[in-house]
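Chemist:
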Ligand code: PLP
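In the working numbering, the protein residues as written are 25 to 432.
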């Protein structure tokens, strides 16, 4: 008899987005005349930058010729893309990362989910709360947790991100081996300073631990004092893997391209204490289970780093940040405490009541859809997430409606 991986049975069905859809559909059925504005989505809304489209088209035309046709490419990605990434995203900021330490992939979701395969099942794992759920669920699937009780999986160390610590988790009191961090953060929109990140790197070095640093929203950073990469922090190369994505920086959510940096001197240990290169292990995993991102998509991603591409991507993100500013200003005016939105597309608002209750209130009174914070973890209860991924006209209209609906 074939048995299933029973760890899957521990997973909590993710009701968040289906619950939202169900409530919105019920509301719309009751009030077909009301126009709904979705301020909860984590997907970009603007088209791809023209520089990317031109490169994409040209690469497809190349594929139509005998001389330009490409079959399987290198699993790690084409050198032309890895080189511009290393030069622009790291070396230009003084971070020591070389092209052959970069692994191109089809998404930071897959990479942040798959990376845990490299580590022992008894690794002590620290995961933020609230959190992008992929880190949590992939460790549950692998069997690194116990059952789900009182809103949390047994056996994990949760890193509370609350108003008390400025939404940057404090170092754990108990020793941990694997640490997930995400800055700028989804869902809170909070950022981490160089000094705060240095403390985490020092902790990892002291405990022979590893930091998995998700920088999917790096392109939204506008405060020059903030680190864009963990490799701007001294000592990080030996203890950190970084994830980046073109999804939010260049509108590639539907086009699919991302990358993971695994420095060659980044290590983890066998039971005898011997150090092993995680670069070699990830290279083995990646080349065994992944067959590369398509050539046209990699050419489109390369165009992000052209002068035209840089200007267009900056304008794209500036537009979302303008929306975020409108949302923050509206929340401030209404007297709701909030964070995020300055260097991130998300605004995390204290709802002053149950997350879902506030969700229903915004829907009923204003026809505005948000994401209830409770869906991102226990510490998200009492919050909602508003997203800047929308047209400015929609954001303006939504904020006008909230001003009327929530006036205290
Ligand atoms: N990491 C975080 C924190 C995210 O919020 C998301 C997407 O919303 C991803 C990774 C996934 O990125 P990708 O589209 O590259 O899979």
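All C-beta atoms, glycine included, are put in the ideal place defined by N, C-alpha and C.
Spell out the partners DSSP gives residue 300 in its beta bridges.
Modeler: Walking along the chain shown from the start, residue 300 turns up at place 276. BP columns for residue 300 point to 292.
Chemist: Does the Cβ of residue 398 lie closer than 7 Å to at least one heavy atom of the ligand PLP?
Modeler: In the chain shown, the residue the question calls residue 398 occupies position 374. Outside the cutoff, so no.
Chemist: Compute the distance between the beta-carbons of residue 263 and residue 220, then report whether it is under 8 Å.
Modeler: Within the chain shown, the letter at position 239 stands for residue 263. Within the chain shown, the letter at position 196 stands for residue 220. No, they are not a contact pair.
Chemist: Under 8 Å between the Cβ atoms of residue 61 and residue 333?
Modeler: The sequence position of residue 61 within the chain shown is 37, counting from 1. The sequence position of residue 333 within the chain shown is 309, counting from 1. Contact: no.
Chemist: Tell me the DSSP secondary structure of residue 366 in three-state form.
Modeler: On the chain shown, residue 366 is found 342 positions in, with the first residue counted as 1. Reduced to three states, the DSSP call for residue 366 is coil.
Chemist: Quick check on residue 331: does DSSP put it in helix, strand or coil?
Modeler: In the chain shown, residue 331 corresponds to position 307, counting from 1. Helix.
Chemist: Out of 101, 86, 331, which has the shortest C-alpha to C-alpha gap to residue 94?
Modeler: The sequence position of residue 94 within the chain shown is 70, counting from 1. For residue 94, the nearest C-alpha among the options comes from 86.
Chemist: From 299, 142, 74, 317, pick the residue whose C-alpha is nearest to that of residue 269; which is it?
Modeler: Stepping through the chain shown from its first residue, residue 269 is reached at position 245. Comparing Cα positions, the closest option is 317.
Chemist: Beta carbon of residue 215: closer than 7 Å to some heavy atom of the ligand PLP?
Modeler: Position 191 of the chain shown, counted from the start, is the residue given in the question as residue 215. Not under cutoff, so the answer is no.
Chemist: Would residue 48 and residue 393 qualify as a contact pair, given that the criterion is a beta-carbon distance under 8 Å?
Modeler: For the purposes of this step, residue 48 is taken as the residue at position 24 of the chain shown. For the purposes of this step, residue 393 is taken as the residue at position 369 of the chain shown. Result yes, Cβ atoms of residue 48 and residue 393 sit closer than 8 Å.
Chemist: The beta strand (DSSP E) with residue 265 in it runs from where to where?
Modeler: Here residue 265 refers to the residue found at position 241 when the chain shown is read from its first residue. Looking at the DSSP string, the run of the beta strand (DSSP E) that includes residue 265 is 264-269.
Chemist: Mind checking residue 58: buried by the 16 CB within 10 Å criterion, or exposed?
Modeler: Working through the chain shown from its first residue, we reach residue 58 at position 34. Exposed, because fewer than 16 other Cβ atoms sit within 10 Å of the Cβ of residue 58.
Chemist: What are the complete alpha helix (DSSP H) segments, minimum 4 residues, inside the region 58-96?
Modeler: Runs of the alpha helix (DSSP H) inside the region 58-96: 74-87.
Chemist: Count Cβ pairs between the region 402-416 and the region 64-73 that sit closer than 8 Å; are there 3 or more?
Modeler: A contact exists between the region 402-416 and the region 64-73.
Chemist: Where do the N-terminal and C-terminal ends of the beta strand (DSSP E) with residue 103 fall, by residue?
Modeler: For the purposes of this step, residue 103 is identified with residue 79 of the chain shown, where counting begins at 1. It is not in any beta strand (DSSP E) - residue 103 instead sits in the alpha helix (DSSP H) that spans 103-109.
Chemist: If you pair each beta-carbon of the region 356-373 with each one of the region 394-412, do three or more pairs fall below 8 Å?
Modeler: The region 356-373, when compared against the region 394-412, does touch it at the 8 Å Cβ threshold.
Chemist: When the Cα atoms are used, what is the spatial distance from residue 397 to residue 345?
Modeler: As a first step, residue 397 is located in the chain shown; it is residue number 373 there, counting from the start. As a first step, residue 345 is located in the chain shown; it is residue number 321 there, counting from the start. The alpha-carbon atoms of residue 397 and residue 345 are separated by roughly 21 Å.
Chemist: Measuring from each Cβ to the nearest heavy atom of the ligand PLP, keep the ones under 6 Å and list them in chain order.
Modeler: The filter returns 66, 131, 132, 133, 136, 156, 206, 210, 238, 240, 269, 271, 277, 282, in chain order.
Chemist: Would you decide whether residue 289 is buried or exposed? Buried here means 16 or more other CB atoms lie within 10 Å of its CB.
Modeler: Numbered from its first residue, the chain shown carries residue 289 at position 265. Classification for residue 289: exposed.
Chemist: From the DSSP output, read off the bridge partner residues of residue 284.
Modeler: Counting from one through the chain shown, the residue named residue 284 turns up at place 260. Answer is 127, 267, bridged to residue 284.
Chemist: Take the Cβ of residue 154 as the centre, count every other Cβ of all protein chains shown within 10 Å, and call the residue buried at 16 or more, exposed below.
Modeler: Numbered from its first residue, the chain shown carries residue 154 at position 130. Counting Cβ neighbours within 10 Å, residue 154 comes out buried, since at least 16 surround it.
Chemist: Taking Cβ to Cβ, would you say residue 140 is nearer than 8 Å to residue 162?
Modeler: Against the chain shown, residue 140 aligns to sequence position 116. Against the chain shown, residue 162 aligns to sequence position 138. Contact flag set, yes.
Chemist: CB-CB under 6 Å to residue 422, same chain, minus the five flanking residues each way: which ones, in chain order?
Modeler: The count along the chain shown starts at 1 and reaches residue 422 at position 398. If we look at residue 422 and ignore the five residues flanking it on each side, its Cβ neighbours are 61, 63, 392.
Chemist: Given a cut-off of 8 Å on the beta-carbon distance, is the pair residue 241 and residue 208 in contact?
Modeler: The residue labelled residue 241 in the question sits at position 217 within the chain shown. The residue labelled residue 208 in the question sits at position 184 within the chain shown. Yes, the pair counts as a contact, with Cβ atoms nearer than the cut-off.
Chemist: Using a Cβ-Cβ cutoff of less than 6 Å, which residues in the same chain neighbour residue 101 once the five nearest sequence positions on both sides are dropped?
Modeler: In the chain shown, the residue the question calls residue 101 occupies position 77. 128.
Chemist: Specify the secondary structure class of residue 206 as computed by DSSP and reduced to three states.
Modeler: The residue you call residue 206 lines up with position 182 of the chain shown. Reduced to three states, the DSSP call for residue 206 is strand.
Chemist: Select from 202, 90, 187 the residue whose C-alpha is nearest the C-alpha of residue 143.
Modeler: Along the chain shown, read from residue 1 onward, the residue named residue 143 stands at position 119. Of the candidates 202, 90, 187, the one whose C-alpha sits nearest the C-alpha of residue 143 is 202.
Chemist: Would you tell me roughly how many angstroms separate the C-alpha atoms of residue 74 and residue 80, rounded to the nearest one?
Modeler: Stepping through the chain shown from its first residue, residue 74 is reached at position 50. Stepping through the chain shown from its first residue, residue 80 is reached at position 56. So the alpha carbons of these two residues sit roughly 10 Å apart.
Chemist: Which same chain residues end up closer than 7 Å to residue 159 when comparing Cβ atoms and leaving out the 5 residues on each side of it in sequence?
Modeler: Walking along the chain shown from the start, residue 159 turns up at place 135. Closer than 7 Å at Cβ, skipping near neighbours: 136, 151, 204.
Chemist: I need the DSSP call for residue 146, collapsed to helix, strand or coil.
Modeler: As a first step, residue 146 is located in the chain shown; it is residue number 122 there, counting from the start. In this structure, residue 146 counts as coil in the three-state DSSP scheme.
Chemist: May I ask you to list the residues that DSSP assigns as paired with residue 395?
Modeler: Your numbering for residue 395 matches position 371 in the chain shown. Beta-bridge pairing links residue 395 to 409.
Chemist: Should the region 380-390 be regarded as contacting the region 356-363, the criterion being three or more beta carbon pairs within less than 8 Å?
Modeler: In short, these stretches do not touch, since the Cβ pair count stays below three.
Chemist: Measure from the alpha carbon of residue 324 to the alpha carbon of each residue in 304, 276, 311, then state which is nearest.
Modeler: As a working note, residue 324 is residue 300 in the chain shown. Of the candidates 304, 276, 311, the one whose C-alpha sits nearest the C-alpha of residue 324 is 276.
Chemist: State yes or no: is the C-beta of residue 285 within less than 8 Å of the C-beta of residue 265?
Modeler: For the purposes of this step, residue 285 is taken as residue 261 along the chain shown, with counting starting at 1. For the purposes of this step, residue 265 is taken as residue 241 along the chain shown, with counting starting at 1. Taking 8 Å as the Cβ cut-off, residue 285 and residue 265 qualify as a contacting pair.
Chemist: Looking at the secondary structure, which residues open and close the alpha helix (DSSP H) in which residue 238 lies?
Modeler: As a working note, residue 238 is residue 214 in the chain shown. Residue 238 -> not in any alpha helix (DSSP H); beta strand (DSSP E) instead, spanning 234-238.
Chemist: Using 8 Å as the threshold, is the C-beta distance between residue 354 and residue 250 below it?
Modeler: On the chain shown, position 330 is the one that residue 354 refers to. On the chain shown, position 226 is the one that residue 250 refers to. Taking 8 Å as the Cβ cut-off, residue 354 and residue 250 do not qualify as a contacting pair.
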